[in-house]
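Q:
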Amino acid sequence: MIFCLFFVVACLCQAGDSLTIKDVTGRAFMPEYLSSLTMLDDGEYYATFSKEYDKIEKYSLKTGKPVGTLFNVADVSIDDFDDYKMSPKGDKMLIQTNTVRIYRHSFTADFYVYDLKTKTLRRLSKEGREQVPTWSPDGKYVAFVRENNIFLVDIDHDFSMTQVTSDGIKNQVINGIPDWVNEEEFGFDRAFVFNADASKICWIRYDESKVRTFSLQFFDKRQDLYPAEYTYKYPKAGETNATVTAWCYDIYTKKTAQIRVPVLPDGYIPRVVATDQPQQVLFYTMNRHQDILTIVSANPNTMECKQILEETDKKYVREEVLDGILITKKYLIIPSERSGFMQLYLYDHKGQFLQQLTDAKYGVTEVYGFSEKSSVVYYQAAGKDPMNREVYASDLKKTTCLTPKDGTNEAQFSKNYQYFIHTWSDRNTPYVYDVCDQNGKVLTTLLDNSDLRAKLSQAQLPEKEFFSFNTSQNVSLNGWMLKPADFDARKKYPVIMFQYSGPGSQQVVNSWNIGSMGRGGLFDQYLSQHGFIVVCVDGRGTGGRGAEFEKCTYLKIGELEAIDQVEAALYLASLPYIDAERIGIWGWSYGGFNTLMSMSEGRPVFRAGVAVAPPTDWRFYDSIYTERYMRTPQENPEGYDTNPIQRAEKLHGALLICHGLADDNVHPQNTFEYSDALVQADKDFKEIIYTNKNHSIYGGNTRTHLLRQISSFFFEQLKQTK
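Using my numbering, you'd call the opening residue of the sequence shown number 845 and step up by one each time.
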């Protein structure tokens, strides 16, 4: 998935009446969050970090008031901590320290077990550097992965440790955690579960010995005069993937056996899921085209498997379906786009269809859970229009909107579904956290970011405005626009268009987190205060408008997306206050790809553009993401030839390309190959390479430097009329 995770991007501080890029560590305009919020099993309380991030505090859902401290770093022998995981009984917790990121989701850390009753802290394992430590359902064990192997710690018996697997070897075999491409594109970092009575561990094994490697160079002359290499397995489109199999370990007999999950030789097992039945663990499988999703029930006692449900799509099953599936005591609840919009469907455990549960106008966008007591499913949906999100409750007869206010409404429910913490924001208002009862009534406000709202008001920042228009092909598109605070309709302004444009993505949504760098769009505010109108338009292929709109780019991604950005520029040029000769475009990752596609679409509407970390030929990108939308290069060579490299001779406008040299996601190969094509086409361009930086291009002063290059480039290219 080439969504770019925009970390803390820039602090924009007030300097007179203007904002300036200061540095990535400042927090003057950063909102407050409820961090690592955990609903406790009694249904009446939740836990979260203290404001100082040195305690884990317990709060009442009914009152929103603190009722005690569960963990205080001052009481133990560690200096700080990064996160925590409560045990099933709530009597212990895993304390995470010394975290080191690996890829988008994965990391290693040193974990400790903290006993809330005795207030004692003990290291989970002597060696440390564990991955995905997981409590057993009874809280007696913790399983984790280290160096591609699974380990089991018996908490009740003096932390004795058993090595469950021993065949894990770097770049060959992985047990219990996904390989790079499965982690990145199926969005998970743990590939093992305990069964319900904690007698078995079931996991996915990845044999990547036949997958080709990719190497990235790192430079540090203080360590070595020669560059270091990081080599890992990366299956590109059409290339060999890891072979996946399912396995089971009996904790009592210490025997290991293979579970014969029916999966095609080139297929995927994107999830293993526990149920409340000891004799049942579910494996989700997909074929390589990702147009068939199967749920397989496996018995870890007999190793027998049975298919209970199959979901198909004429094009592809969206990755979001995987985490939306709910397994209840009586039912299976399955998200599906079979009606044209994502809805929820009810099945029994034999796979028999019972009924459709939802009818959200623009589709279900997130599934929160199911109350066994009241037979109610809770979810988020675009029920009013594509831009807003509401929280809903549907039983077997009716649907109720719990949060009707315009904006983006999110929820985290208590274990008994009697309460939920409601998070709300809109495109001009930072987050507000309320506790609501099961009917949506606000009981108390936990956090409203009033200090930040006061700062924003004092800065007198302009508000983002939604708009829509029809293209020359009669396609209706949605956008937002940010004008300078001193906007004068009699003047003509230069425009900077930002877009992402990737399949299923959505940038035009009524949320505080929209904008080219998220965080309330403060980078866009910075540009607007320098005299630019900033615009974002979601073209065809983006989300929030149903399967037909989203999947119309299937097999030829980039073509329609580029047309729509050009059409957006032409629409803007028709407005009386826009200077048609001074329109720029930029984007990151898929947005960088579509920047290049749009600048070489054939109609010369863009005077300048910036592409950050762009894919330039989908043959260079990974198998799961690319083949989901394009199938393989062997099957669809024409579609793969729709790329910026093939269009290099058509590039129009000044171009800046930025890329991290250590980008494990969109390899710098993409930029190198494209820049060579531009040279051969005799096209001028500028290029900045960030040494030792990955897809997010951050760390130290890097993000500040990058944003300054982007803004300075547009200042230079667009500020002056021709």
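From the three backbone atoms N, C-alpha and C, an ideal C-beta is built for every residue, glycine too.
1) In this structure, does DSSP put L1371 in helix, strand or coil?
2) So I1554 is in the alpha helix (DSSP H); what residue range does that whole segment cover?
3) So does the segment 1198-1209 actually touch the segment 1219-1232, counting three or more Cβ pairs closer than 8 Å?
4) Can you pull the DSSP bridge partners for P910?
5) Label N1314 either buried or exposed according to how many other C-beta atoms from any shown protein chain fall within 10 Å of its C-beta, with 16 as the threshold for buried.
6) Taking the Cβ atom as the reference point for each residue, do L881 and Q1256 lie within a distance shorter than 8 Å?
7) Give the straight-line distance between the Cα atoms of G1362 and D1167, rounded to the nearest whole angstrom.
8) Under 8 Å by Cβ, that's how I've got D1461 and I1501 pegged, so tell me the actual separation to the nearest angstrom.
9) Just verifying my parser: in three-state terms, what is the DSSP assignment at K1395?
10) May I ask you to list the residues that DSSP assigns as paired with A1225?
11) Assess, as a yes-or-no matter, whether the segment 1363-1375 is touched by the segment 1464-1474 under the definition of 3 or more beta carbon pairs within less than 8 Å.
12) What are the boundary residues of the alpha helix (DSSP H) that R990 is part of?
13) In terms of residues, what are the limits of the alpha helix (DSSP H) holding Y1078?
14) Is the beta carbon of R948 closer than 8 Å to that of R973?
15) Any contact of the segment 1310-1329 with the segment 1291-1302, i.e. 3+ C-beta pairs under 8 Å?
16) In this structure, how does DSSP classify R1412 when only helix, strand and coil are distinguished?
17) Exposed or buried, which one is H1503 when buried takes at least 16 other CB atoms within 10 Å?
18) Whose C-beta lies closer than 7 Å to the C-beta of F1003 among residues of the same chain, with five residues either side of it excluded?
19) So I999 and V957 are in contact, right, with Cβ under 8 Å, and what is the actual spacing, rounded?
20) From S1141, Y1191 and K1098, pick the residue whose C-alpha is nearest to that of L1240; which is it?
21) How many Å lie between M1186 and V1211 at the Cα?
22) For I1177 and A1237, I'd like the C-alpha separation in whole angstroms.
23) Which residues in the same chain have their Cβ closer than 6 Å to the Cβ of P1512, if we skip the five residues on either side of it in sequence?
24) Please state the DSSP three-state secondary structure of A1086.
25) Please report the distance separating the alpha-carbon of D867 from that of P1274.
26) In the DSSP assignment, find the alpha helix (DSSP H) that holds T1470 and state where it starts and stops.
27) Is I1541 a contact residue of the ligand ZN, with contact defined as CB to any heavy atom under 7 Å?
28) Report the residue from Y1263, N1085 and Y1434 whose alpha carbon sits nearest the alpha carbon of A1455.
29) Please report the Cβ distance between N1354 and D1278, rounded to the nearest whole angstrom; I am assuming they are in contact, meaning their Cβ atoms lie under 8 Å.
30) Assuming F951 contacts L968 (C-beta within less than 8 Å), just tell me the rounded distance between them.
31) So what's F1127 in DSSP terms, helix, strand or just coil?
32) Can you tell me where the beta strand (DSSP E) holding E1309 begins and where it ends?
33) Looking at the structure shown, is T1486 part of a helix, part of a strand, or coil, going by DSSP?
34) Would you tell me roughly how many angstroms separate the C-alpha atoms of Y877 and M883, rounded to the nearest one?
35) Pull up the DSSP beta-bridge partners for H1503, would you.
36) Tell me which residue opens and which closes the alpha helix (DSSP H) that D1023 is part of.
A: In terms of the structure at hand:
1) helix
2) T1546 to L1562
3) yes
4) Y903
5) exposed
6) yes
7) 24 Å
8) That pair is no contact at about 14 Å.
9) helix
10) V1208 and E1234
11) no
12) Segment Y985 to R990 is the beta strand (DSSP E) holding R990; no alpha helix (DSSP H) there.
13) Taken as a continuous stretch (DSSP letters only), Y1078 belongs to no alpha helix (DSSP H), as it is neither H nor E.
14) no
15) no
16) The identity of residue 1412 in the sequence shown is Ala, whereas the question assumes Arg. Looking at A1412 - three-state DSSP - the assignment turns out to be helix.
17) buried
18) R966 and V997
19) 6 Å
20) Y1191
21) 11 Å
22) 14 Å
23) H1503 and L1505
24) coil
25) Note that D867 has pLDDT 29, beneath the 50 cutoff, so the model's placement of it is unreliable and the number below is only indicative. Cα-Cα distance, rounded: 21 Å.
26) S1467 to M1474
27) Among the components of this structure there are no ligands whatsoever, and the ligand ZN is therefore not found.
28) Y1434
29) Actually they are not in contact, since the Cβ atoms of N1354 and D1278 sit about 18 Å apart, beyond 8 Å.
30) Actually they do not touch by this definition, with Cβ atoms about 15 Å apart.
31) strand
32) E1309 to N1314
33) coil
34) 16 Å
35) I1533
36) Unbroken run through D1023: none, as it is neither H nor E.
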